[in-house]
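Enquirer:
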Amino acid sequence: VSPPLSRNYPDLHPILAQDTTTLLYDVRRMPRDEIPCTQYIAARKWSAMRNPATYMRIISSFFPWPIEIQINEGLNGVRVLDIWKALYDAMQRPIREEEWAMLVQLGTVTGSAEDETSQQMRILRAVKRREVKGGSRTVHRVDWLGSRTKFCGLYKDRSLEGKLKLPAEVASAETWVADFT
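So for the sequence shown, my numbering puts the first residue at 227; every next one is plus one.
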């Protein structure tokens with residue numbers, strides 16, 4: 227059973243909309259291990275958008291890279307499960323050298339030197355927590371989130387979208403901002 231439609235984002239499936247979702251998904255874990263079984267099974271069929279989209283772009287104020295989801299033509303287009311899997315897959319990748327350099331040299335989206343230092347510390351604490359539990363010492367993208375690893379929905383923010391878009395890049399109607407808690 228789906229939650230009621232979002233008032234703010236009626237074209238987005240309500241389980242993905244920030245203002246209607248009741249599901250908090252921890253992106254450190256695979257969707258099938260974290261999301262209740264009934265919702266996980268149903269999400270394989272649920273279209274992410276009322277009008278099926280074959281392309282969606284996810285950005286966030288919590289990380290500097292876009293997550294792009296491209297689906298071949300299909301009846302449902304991008305599904306809810308595709309969003310959850312794309313978030314998980316993107317967050318499990320190791321942080322590349324240039325991403326780390328960007329953090330060190332330029333700071334976060336807010337651009338403050340204080341934010342830059344605290345962001346580095348949050349990342350290093352996240353790596354340390356994983357290492358203590360016997361995990362990898364490699365810095366992963368999920369570490370960029372610090373302790374805010376629970377995906378709590380998508381929303382629209384044209385201002386953030388404009389800041390993160392390359393100058394020659396065409397804006398996508400299906401660009402959504404991922405929120406975390």
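All C-beta atoms in this analysis are idealised placements derived from N, C-alpha and C, irrespective of residue type, glycine included.
(1) Helix, strand or coil: which one does DSSP assign to Met347?
(2) Going by DSSP in three states, Ser287 sits in which element: helix, strand or coil?
(3) Quick check on Pro257: does DSSP put it in helix, strand or coil?
(4) For Val330, does the three-state DSSP call read helix, strand or coil?
(5) Quick check on Thr241: does DSSP put it in helix, strand or coil?
(6) Once DSSP output is grouped into helix, strand and coil, what is the label at Leu380?
(7) Is the Cβ-Cβ distance between Lys376 and Tyr251 less than 8 Å?
(8) If Val368 sits next to Met317, beta carbons under 8 Å apart, how far is it from one beta carbon to the other, in whole angstroms?
(9) Once DSSP output is grouped into helix, strand and coil, what is the label at Ile309?
(10) Buried or exposed: Met256, going by 16 or more other Cβ atoms within 10 Å of its Cβ?
(11) Are the Cβ atoms of Gln412 and Leu371 separated by less than 8 Å?
Expert: Based on what the coordinates show:
(1) In this structure, Met347 counts as helix in the three-state DSSP scheme.
(2) coil
(3) helix
(4) helix
(5) This sequence places Ile at residue 241; Thr is not what is there. Three-state DSSP puts Ile241 in coil, outside helix and strand.
(6) strand
(7) Yes, the pair counts as a contact, with Cβ atoms nearer than the cut-off.
(8) 4 Å
(9) Residue state, collapsed to three classes: helix.
(10) Exposed: under 16 other Cβ atoms inside 10 Å.
(11) In the structure as shown, the chain begins at 227 and stops at 407. Residue 412 is therefore absent and cannot be evaluated.
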